[in-house]
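Asks:
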């Protein structure tokens, strides 16, 4: 487990909410701003049918997949997807692990543009025994996707590369990639014979003037070499309910994952709850609008506090975080210096950020700040504490 996560777990269990200097954890990408919206829906009176207590399709009941397909076709994927093209499993991590287990053999590789979500390394390199080849993007152009970076990473690989994993909106930058970036990256991957997995778990958590455009509407043809991932964990702030979703037109891929799904299926009770939730269109519409408003407000207050404190950051469009540029605060441009700065902030401000090394950024000095993990007032306090340590 990464050190910043261990510190978060340890200090969260010890924090005293009445202590003005209490620990503030801003290192975990969870949306804690919307429980009051979710709680009435989750805890409403409901009647679970008998079928939910028994065995069903391990990739999700037909009823559930039909509801998910309808919802995600309209709001996530931007095109019509049939229920038989949808698989649900216990979280996006399980989806990704099984996707790459099916696409590659042990010892082969997957390209991942960086900065990146830290958990991809566990998803892909642990049981799948694949290698991640990082494709480092450049902070000087706001970490834009670059075919040159993809080609350089591909050329550097010492083992066969089987797939490209794209995340849009991006984690940890919160950036929505342009249509051209997505189109060019997928076109390049196809030109060298790679499968493409498009991770869009923050699709509905966009709050800026830059709209999120699904990759499936950007590329001209959806073939059996491009696969899409979404989940309830981020947009619906339900990471503990463990439900990830994928869609693919590749019959062989879906059949292989279906054979493995027994070990990662979603419980019948969870399927019934989520199915009922998605079918409440009035609630869904209101929830998504208010969730995006709250993210926008929290981002605005956080970015304003960072600006006032003189802490550089990259503007974000979506997600639950932004990326701070702390390079000028390093004693030297090394990973050891970044670790020391992270520890200094943790010990001096009692604030936990995600160090850039965990995000596999190409150079030291960046840290992710999750502004949806605490109320905005608490996040602003955290920024002020960090600023006092850095001054």
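Numbering (the working numbering), first residue to last: 2 to 392. Don't be surprised by glycine CBs; every beta carbon is placed ideally from N, CA and C.
Expressed to the nearest angstrom, what Euclidean distance is found between the alpha-carbon atoms of residue 333 and residue 339?
Replies: Spanning the two alpha carbons is a distance of roughly 8 Å.
Asks: Applying the 10 Å Cβ sphere with the 16-neighbour rule, what's the burial state of residue 243?
Replies: With 16 or more Cβ atoms within 10 Å of its Cβ, residue 243 is classed as buried.
Asks: From the DSSP output, which residues share a beta bridge with residue 230?
Replies: Looking at the DSSP assignment, residue 230 forms a beta bridge with 200, 247.
Asks: Could you check whether residue 269 and residue 91 sit closer than 9 Å to each other, using their CB atoms as the reference points?
Replies: No.
Asks: So what's residue 323 in DSSP terms, helix, strand or just coil?
Replies: Note: residue 323 maps to strand in three-state DSSP.
Asks: Only counting the same chain, and skipping five residues up and downstream in sequence, which positions put a Cβ closer than 8 Å to that of residue 285?
Replies: Here the set comprises 72, 278, 279.
Asks: On the criterion of 16 or more Cβ atoms from any shown chain inside 10 Å, does residue 212 qualify as buried, or is it exposed?
Replies: The residue is exposed, with fewer than 16 neighbouring Cβ atoms inside 10 Å.
Asks: Are the beta-carbon atoms of residue 377 and residue 309 separated by less than 9 Å?
Replies: No, the pair does not count as a contact, with Cβ atoms beyond the cut-off.
Asks: Measure the CB-CB distance between residue 198 and residue 162 and report whether it falls below 9 Å.
Replies: Contact flag unset, no.
Asks: Can you find at least 3 beta carbon pairs, one from the region 302 to 318 and one from the region 174 to 191, that sit closer than 8 Å?
Replies: The region 302 to 318 vs the region 174 to 191: in contact.
Asks: DSSP puts residue 165 in a beta bridge; with which residues?
Replies: Partner(s): 112, 197.
Asks: Can at least three beta-carbon pairs, one atom from the region 98 to 111 and one from the region 249 to 261, be found at a separation below 8 Å?
Replies: Segments in contact, yes.
Asks: In the DSSP assignment, find the alpha helix (DSSP H) that holds residue 89 and state where it starts and stops.
Replies: Counting along the chain, residue 89 falls outside any alpha helix (DSSP H), though it belongs to the beta strand (DSSP E) covering 87 to 90.
Asks: Go ahead and pull the three-state DSSP assignment for residue 145.
Replies: Correct three-state label for residue 145: coil.
Asks: How far does the alpha helix (DSSP H) with residue 101 in it extend, from its first residue to its last?
Replies: Residues 93 to 104.
Asks: Please return the same chain residues whose Cβ sits closer than 8 Å to the Cβ of residue 86, not counting the five positions on each side in sequence.
Replies: Closer than 8 Å at Cβ, skipping near neighbours: 70, 248, 249, 250, 255.
Asks: Would you say residue 165 and residue 186 are within 9 Å of each other, going by their C-beta atoms?
Replies: Taking 9 Å as the Cβ cut-off, residue 165 and residue 186 qualify as a contacting pair.
Asks: Nearest to residue 386 by CA position, among 371, 353, 367, is which residue?
Replies: Measuring from the Cα of residue 386, the nearest candidate turns out to be 353.
Asks: Just verifying my parser: in three-state terms, what is the DSSP assignment at residue 59?
Replies: Coil, per DSSP.
Asks: Beta-carbon within less than 7 Å of residue 356's beta-carbon, same chain only, minus the 5 sequence neighbours each way: which residues are those?
Replies: The residues are 5, 339, 340, 343, 368.
Asks: Can you tell me which of the three DSSP states residue 13 falls into?
Replies: Residue 13 falls in the helix class under three-state DSSP.
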